[in-house]
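Per this note's numbering, the very first residue in the sequence shown carries number 11; after that it's consecutive.
Single-structure report; data block below.
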Amino acid sequence: MSSAVLHGVPASGAEMIAEQFVRARLAGQSLPQYPGTLPTTLADAYSCQELAIKRFPDKIVGWKVARIGTAFAEQFPEERLVGPVFERNLRIARVGQVIDFPLIEGGFGAVEAEIVLRVSEDAPANKTVWSIDEAAELVRSFHLGVETAVSPLATLNDLGPGAVISDFGNNWGVVVGASIGEWRSIEEIVALTFIDDGFVGRGTAFIRQGALGALAFALSKCAERGRPLRAGDFISTGAITGVHDIRAGQQSRHVFEGCGEVECRGVRAGHYLSGAAR
Numbered sequence: 011m012s013s014a015v016l017h018g019v020p021a022s023g024a025e026m027i028a029e030q031f032v033r034a035r036l037a038g039q040s041l042p043q044y045p046g047t048l049p050t051t052l053a054d055a056y057s058c059q060e061l062a063i064k065r066f067p068d069k070i071v072g073w074k075v076a077r078i079g080t081a082f083a084e085q086f087p088e089e090r091l092v093g094p095v096f097e098r099n100l101r102i103a104r105v106g107q108v109i110d111f112p113l114i115e116g117g118f119g120a121v122e123a124e125i126v127l128r129v130s131e132d133a134p135a136n137k138t139v140w141s142i143d144e145a146a147e148l149v150r151s152f153h154l155g156v157e158t159a160v161s162p163l164a165t166l167n168d169l170g171p172g173a174v175i176s177d178f179g180n181n182w183g184v185v186v187g188a189s190i191g192e193w194r195s196i197e198e199i200v201a202l203t204f205i206d207d208g209f210v211g212r213g214t215a216f217i218r219q220g221a222l223g224a225l226a227f228a229l230s231k232c233a234e235r236g237r238p239l240r241a242g243d244f245i246s247t248g249a250i251t252g253v254h255d256i257r258a259g260q261q262s263r264h265v266f267e268g269c270g271e272v273e274c275r276g277v278r279a280g281h282y283l284s285g286a287a288r
């Protein structure tokens, strides 16, 4: 294995990070610590993510987008980050249905109320700069949704964007709820999150700067990486009410005022290919 250096992280180290995260996710097992040298640049972190994607035995059907906090803005100088959503972890929720999703015991687990956008057509492979208005033209449908933020590493979020990006953006699925047909007439949506009927968060999704801004970022970033968005991709556009810890057996309810609700229940993860929590 090469000992070349990828922007500060040895290639062998990036391979080890990717291998251990993928292995842990496939087995539904936690990791006691970050498996290697923590990426300190965006290039390092996305190098690890790319290696992990290549190892993962599933198809990418979308991307999660999240903001990079101001505390990390100088070190990681991009407004947002992305991580892949795999086919087996995409769940479509009917009205009134409670969707089970897997949690890794001893790892990180949270739910986030989000707007989920579906892409209408393949994005041009050579277009790496997208405006919000251009991104809006690629929206096939607009959905209420939930990102299930799950990692084998309990401290992943605490370690910052380098760690988060390297482990699939801390994503382990997206729940896609009801579609909103007249979304272009909506400027904002207020959302509330409850866990086991206890109120845990409230926030406002601003459609243009929030959801469409996240889509524009995903279009740009994924094209830059040689992974332009494809027709049918789902883009989860960022937490509205916050990142809410959840344990197996707990149930979350996400209320989008005037639009609908999405309900989820955490269950203990099995082996990824076993069909558990599907």
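Even glycine gets a Cβ: it sits at the ideal position worked out from N, Cα and C.
Beta carbon of residue i nearer than 8 Å to that of residue j
i, j, result
"residue 188", "residue 117", "no"
"residue 256", "residue 119", "yes"
"residue 199", "residue 274", "no"
"residue 178", "residue 93", "yes"
"residue 155", "residue 184", "yes"
"residue 90", "residue 142", "no"
"residue 289", "residue 146", "Absent from the structure is residue 289, since the part of the chain shown begins at 11 and ends at 288."
"residue 278", "residue 113", "yes"
"residue 272", "residue 103", "yes"
"residue 36", "residue 282", "yes"
"residue 65", "residue 29", "yes"
"residue 157", "residue 69", "no"
"residue 212", "residue 251", "yes"
"residue 153", "residue 186", "yes"
"residue 276", "residue 258", "yes"
"residue 46", "residue 63", "no"
"residue 161", "residue 115", "no"
Helix, strand or coil at residue i according to DSSP, with G and I counted as helix
i, result
"residue 79", "coil"
"residue 253", "coil"
"residue 24", "helix"
"residue 159", "strand"
"residue 66", "coil"
"residue 31", "helix"
"residue 183", "coil"
"residue 268", "coil"
"residue 261", "strand"
"residue 91", "strand"
"residue 84", "coil"
"residue 172", "helix"
"residue 11", "Caution is warranted here: a pLDDT of 32 is assigned to residue 11, below 50, making its placement in the model unreliable, and the coordinate value is therefore given only provisionally. It is coil, neither helix nor strand."
"residue 57", "helix"
Proximity test, residue i beta-carbon vs the ligand FAD heavy atom, cut-off 7 Å
i, result
"residue 27", "Looking at this structure, you won't find the ligand FAD or any other ligand, since it has none at all."
Cut-off 6 Å between Cβ atoms - residues of its own chain near residue i, not counting five sequence neighbours on either side
i, result
"residue 79", "none"
"residue 132", "240 and 241"
"residue 171", "78, 82, 86 and 91"
"residue 224", "75, 247 and 248"
Residues near residue i by beta carbon distance below 7 Å, same chain, minus five either side
i, result
"residue 44", "163, 169 and 173"
"residue 140", "226, 229 and 230"
"residue 166", "118, 173, 174, 177 and 180"
"residue 18", "Low confidence applies here, because residue 18 scores a pLDDT of 45, under 50, leaving its location unreliable; read the following figure in that light. Taken in chain order, the residues that qualify are 50, 51 and 54."
"residue 233", "133, 135, 137 and 138"
"residue 221", "125, 127, 215 and 247"
Contact set for residue i: own chain, Cβ-Cβ below 8 Å, skip 5 residues either direction
i, result
"residue 16", "Any reading at residue 16 must be qualified, since the residue scores a pLDDT of 37, below 50, and its modelled position is unreliable; the value itself is stated next. Counting only Cβ-Cβ distances below 8 Å, and skipping sequence neighbours, we find 24, 53, 54 and 57."
"residue 100", "71, 72, 183, 184, 186 and 244"
"residue 209", "202 and 203"
Alpha helix (DSSP H) runs wholly inside the segment 93–154, at least 4 long, in chain order: Within the segment 93–154, the alpha helix (DSSP H) runs of at least 4 residues that lie entirely inside it are, in chain order, 142–146.
Would you mind listing the alpha helix (DSSP H) stretches within the segment 189–244 that are 4+ residues and don't spill past its ends, in chain order? Considered as a whole, the segment 189–244 harbours 223–234 as its complete alpha helix (DSSP H) runs of no fewer than 4 residues, in chain order.
Flag this pair as touching only if the segment 123–135 and the segment 79–97 have three or more C-beta atom pairs under 8 Å; answer yes or no. The answer is no - the segment 79–97 does not touch the segment 123–135, with fewer than three Cβ pairs under 8 Å.
Would you call the segment 190–204 and the segment 259–268 in contact, with 3 or more CB pairs under 8 Å? Yes, the segment 190–204 is in contact with the segment 259–268.
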